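I have placed the structure first, in the form of structure tokens, so that the comments after it can refer back to it.
Numbering (our numbering), first residue to last: 5 to 690.
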């Protein structure tokens, strides 16, 4: 129903006779080269002390993605895992779980229910200008959770022009072989966005509907292998950009319904249906003041409200009645809210030395039937860094953070050191050390959840995670002529964790809880190359990531059954884009190989002795092909095929992987090959 309402709004918007002007050229190229994550002020990617990956709006549009997951799934070092029971997808960055990844919206951390990063699938992809990814600990800059790195989602804002613009799109997609037009089976996306600006004042609003009809796979009843999901996302922003002051307010709203329907019990004519209803409000206000040429002030204030309502009903197909289930955990409302404040000052003493002091406050609170009491966590932080440029070609950035936490003993000091050497005009070396930390989440401390598929108990004795991380990268601008550009980047990293939080079974019980494991490590490297030649863009990359094998240091097995310290997984990706400008057509082919993921587990032989054996998740290949065509100045169409190799589930050679939501011997990755077709409309008036 929501999708049909949005579709009617799109048809109304597109009924105007108007013209479009798509701004391209050098301005957009320069914008794409500018990064903001972790920077004092926006600056070029080349001059940043961090190695930053950027994903542009053009790439997002070319992918035809309906959510951020569809944008990131081709990136090196990023993997996703699906929990089809709860209908959630989590992210992994450089061998580390989503709990160690900080998700930011315009630099403001997003609230999630726990270690799973649901927020990545709950942001309107049509409102995104670009995505910036920084690998490695960013705890000095962004605080807790930023051990593996940060994913900063940057939204569209005022570009300095006087304009009124309307953007609308409709996209239809199959789910495997399942599809019904506009609603029901398949995936249906519709979006409408408005932007206005005049004399330094700007405003914008948008609404998007995502309707995913689920996927049955081999099931023939009411239950589906992938649950249907209906999303309504809206946003609004208003602000001012005058002289030395820029300030804006933005509200994002999400209404989501995930439906887990059960099969009919023909003995009594009844079926159990569960709906997971989510509402998310994200308020944020930000301001920037350029006091003078040497001093600027920044501030950000955010309030987020996240409600998750579980509603389970018993549907009687004999008389048509529907009643609420009284089973344990069948009815629940869990609430999370978060307050965040951050303020920084940037002061340039001279061309060789700059400072950035800052203060940060955050408070997370939760309540619900499965939460013990109404707990809250407050964190107070002071941080500071400096940029020292003693001679041309060297940039040294030390930093430090001091924190006070209301629940646990926060680390007394978190240091970092980043150094960038311009070895030549075309060769840049970046080296860094950082201490990272992650505070236990409210869910890990106080959440208790029991149903037919899960048994999880919080642990109030958890300690904070710590890490020591070393990273390095070498960037080479091999060719930078007018028509040809070739860039090559090699990176390496090593992370050593203490007190890492993970799942474990309670002794003599099937219940799982959260514990601090002794240690964990990751290491690896990547090699990436990008070629731009006339109308052709090509990028290729490879990574080799190792995760720590806890049994390698276990005295029980060291002598009799030695195993390697790290378990290695390869990845390869590629992306080819060809722009046929004369006919207004762009072709894109993307590919990623996700290698075998090994691990070790102990087993008991028939004689009662224990031994180690290797288990693994199988390798798989993912590839997409898309075509974008300009029909007129106002209308574009895009079409394509996702998951060309028709991946659904991958084999996992262990039946009990030690995670809370075990998928048995099959891990769900995708719902098979799908096809999509969309049309977009753009109108600009200046």
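Every residue gets a Cβ at the ideal spot worked out from N, C-alpha and C, and that includes glycine. Just so you know, these numbers come straight off a predicted model, no measurement behind them.
Of the residues 604, 198, 610, the one whose Cα lies closest to the Cα of residue 561 is 604. In the DSSP assignment, residue 64 falls within the unbroken alpha helix (DSSP H) covering 61-67. Between residue 214 and residue 70, the C-beta spacing is below 8 Å. Per DSSP, residue 183 is not a residue of any alpha helix (DSSP H), being assigned neither H nor E. Taking C-beta separations shorter than 7 Å and ignoring five residues to either side along the sequence, the partners of residue 650 in its chain run 676, 677, following chain order. Every alpha helix (DSSP H) stretch that sits fully inside the segment 33-115 and reaches 4 residues is listed by chain position as 61-67, 73-76. Look at residue 686 here: in three-state DSSP terms it is strand. Separation of the CB atoms of residue 631 and residue 591 is rounded to 6 Å, and the pair is thereby assigned contact status at 8 Å.
Excluding the 5 residues flanking it on each side, residue 342 has same chain C-beta neighbours closer than 6 Å at 115, 308, 368, in chain order. In the structure shown, residue 122 adopts helical secondary structure according to DSSP, grouped into three states.
Assignment of beta-bridge partners to residue 241 by DSSP yields 208, 254. The beta carbon of residue 467 sits closer than 6 Å to the beta carbons of 503, 520 from its chain, once the five residues preceding and following it are set aside; these are given in chain order. DSSP links residue 117 through a beta bridge to no other residue.
A straight line joining the alpha-carbon of residue 205 with that of residue 245 spans about 6 Å. One thing to note: residue 55 has its Cβ no nearer than 8 Å to the Cβ of residue 136. Bounds of the beta strand (DSSP E) holding residue 196 are 191-202. The beta-bridge partner set that DSSP reports for residue 487 is empty. Shown here, residue 449 sits in a helix according to DSSP, grouped into three states. If you check the CB distance, residue 41 and residue 163 do not come in under 8 Å. Between residue 452 and residue 374, the CB-CB gap stays under 8 Å. Beta-bridge annotation (DSSP): residue 629 is paired with 593, 645. Straight through space, the alpha carbons of residue 230 and residue 65 are spaced by roughly 25 Å. Residue 522 is bridged by DSSP to nothing; it lacks a bridge partner. Here residue 139 carries a strand assignment [DSSP, helix/strand/coil].
Sequence-distant Cβ neighbours of residue 109 in its own chain, meaning closer than 6 Å and more than five residues away, are 157. When C-beta atoms of the segment 270-281 are compared with those of the segment 290-303, fewer than three pairs fall below 8 Å, so the two segments do not count as touching. Across the structure, residue 305 and residue 418 are spaced so that their CA atoms are roughly 23 Å apart.
Residue 585 sits in a helix when the DSSP states are folded into three classes. The alpha-carbon separation between residue 349 and residue 362 amounts to approximately 6 Å. When secondary structure is reduced to three states using DSSP, residue 162 falls in the coil class, being assigned neither helix nor strand.
Around the beta-carbon of residue 134, 16 or more other beta-carbon atoms lie within 10 Å, marking it buried. Bounds of any beta strand (DSSP E) do not take in residue 560; it lies within the alpha helix (DSSP H) bounded by 559-562.
Remark: three or more beta-carbon pairs, one from each stretch, lie closer than 8 Å, so the segment 115-128 and the segment 329-343 are flagged as touching. For residue 50, the closest of 541, 480, 497 by C-alpha to C-alpha distance is 480. About 7 Å separates the beta carbon of residue 253 from that of residue 243, a gap short enough to meet the 8 Å contact definition.
Here residue 111 is buried: its Cβ has 16 or more other Cβ atoms, across all protein chains shown, within 10 Å.
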